[in-house]
Amino acid sequence: MSLFRLDSSIRTEGSVSREVADTVERTWLEQHPGRTVVRRDVGREPLPADLWTTAMGAGATPEADRTPEQRAAVALVGELADEVVAADALVIGSPLYNFGIAAHLKTWVDVLITDPRFAPGNQPLAGRPVALVVSRGGGYGPGTPREGWDHGTGWLVRILGDVWGGDVTVIEAELTLADTVPAMAELRPLAAQVRARAHETAGTWLVAS
Ligand SMILES: Cc1cc2nc3c(=O)[nH]c(=O)nc-3n(C[C@H](O)[C@H](O)[C@H](O)COP(=O)(O)O)c2cc1C
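Residues 1 to 209 (the UniProt record's numbering) are what the sequence shown spells out, left to right.
This is the structure in structure tokens:
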């Protein structure tokens with residue numbers, strides 16, 4: 001039994017998505033003592049930028065005619081897919097960058113979809129719980145000027161839930177920039193509340209089910 005954890009924050013210090021994912025991981029390990037956590041950190045160690053196009057090219061090339069680069073790409077994609085399909089539960093950390101997801105996380109999704117197990121229609125995560133931890137610097141709640149500007153979370157829910165079949169719980173921390181941006185100083189108490197709530201949700205993930 002294992003938990004698959006993917007981080008995509010480009011920060012290693014002060015990352016809120018990593019901090020909340022830590023709480024998810026701790027919660028899962030408390031419920032499954034001694035079990036394994038398999039980690040993939042595309043923020044710290046991005047996948048090669050050309051992996052997707054090379055894997056796509058391999059898919060369109062008969063196996064016997066593939067170049068060494070295409071074979072290596074298919075092997076790496078297989079490894080990435082193996083670690084996800086072997087997991088009993090998943091936690092995915094996703095900061096909002098430029099109103100979307102991290103490019104490295106998008107690459108991870110795109111390359112997985114080149115593996116036949118992840119092709120649309122196959123639901124490789126069916127029956128598996130997925131904690132999607134989202135961190136955003138600003139506020140995107142109903143009635144705020146940026147309502148509807150988070151173009152990352154909805155897309156990830158579509159992929160992880162609707163396309164891959166996972167049972168997705170979204171855990172959101174926002175206003176994370178309030179601590180460091182002077183213009184957001186008055187939002188600090190609210191930011192702290194939102195962050196505490198994210199940890200609370202992370203700390204009860206799967207506990208009640
Ligand atoms: C390059 C970059 C782009 C960002 N773009 C946005 C954005 O579009 N909207 C937003 O609310 N915050 C934005 N932020 C702030 C991050 O979402 C925020 O710092 C978040 O907490 C990052 O996740 P982390 O704490 O796990 O590192 C951006 C940060 C960086 C470094």
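Each residue gets a CB set at the ideal place from its N, CA and C atoms; glycine is no exception.
The DSSP-derived three-state label of Ala126 is coil. Per the coordinates, the alpha-carbon of Trp28 lies some 42 Å from the alpha-carbon of Pro62. Where Val170 is concerned, the enclosing beta strand (DSSP E) starts and stops at Asp167 to Ala173.
Distance from the CA of Glu19 to the CA of Asp65, rounded to the nearest whole angstrom, comes to 46 Å.
Ile171 is positioned such that its CB atom lies closer than 7 Å to that of Ala198. Counting every other CB atom within 10 Å of its CB across the protein chains shown gives Gly152 a total of 16 or more, marking it as buried. Excluding its 5 nearest sequence neighbours in each direction, Leu105 has C-beta neighbours in its own chain below 7 Å: Ser8, Val42 and Ser94, listed in chain order.
Straight across, the Cα-Cα distance linking Leu3 with Glu25 is about 8 Å. Around the CB of Gln70, 16 or more other CB atoms lie within 10 Å, so the residue is classed as buried. Three or more beta-carbon pairs separated by less than 8 Å are not found between the segment 33 to 47 and the segment 122 to 137, which leaves the two stretches without contact.
DSSP places Arg40 in the uninterrupted beta strand (DSSP E) bounded by Thr36 to Asp41. Counted as a single uninterrupted DSSP element, the beta strand (DSSP E) harbouring Ile92 occupies residues Ala89 to Pro95.
In the displayed model, Phe118 falls within a helix according to three-state DSSP. DSSP places Ser9 in the coil class of the three-state scheme, outside both helix and strand. Between Ala173 and Val16, the gap from beta carbon to beta carbon is short of 7 Å.
Using a Cβ distance threshold of 7 Å, Asp179 and Leu96 do not count as a contacting pair. Any heavy atom of ligand 1 within less than 6 Å of a residue's beta carbon puts that residue on the list, which reads Ser9, Arg11, Ser15, Val16, Ser17, Arg18, Pro95, Leu96, Tyr97, Asn98, Phe99, Ser135, Arg136, Gly137, Gly138, Thr176 and Leu177.
In the DSSP assignment, Phe4 forms a beta bridge with Val38 and Leu90.
Nearest to Thr67 by alpha-carbon distance, out of Thr54, Val130 and Glu79, is Thr54.
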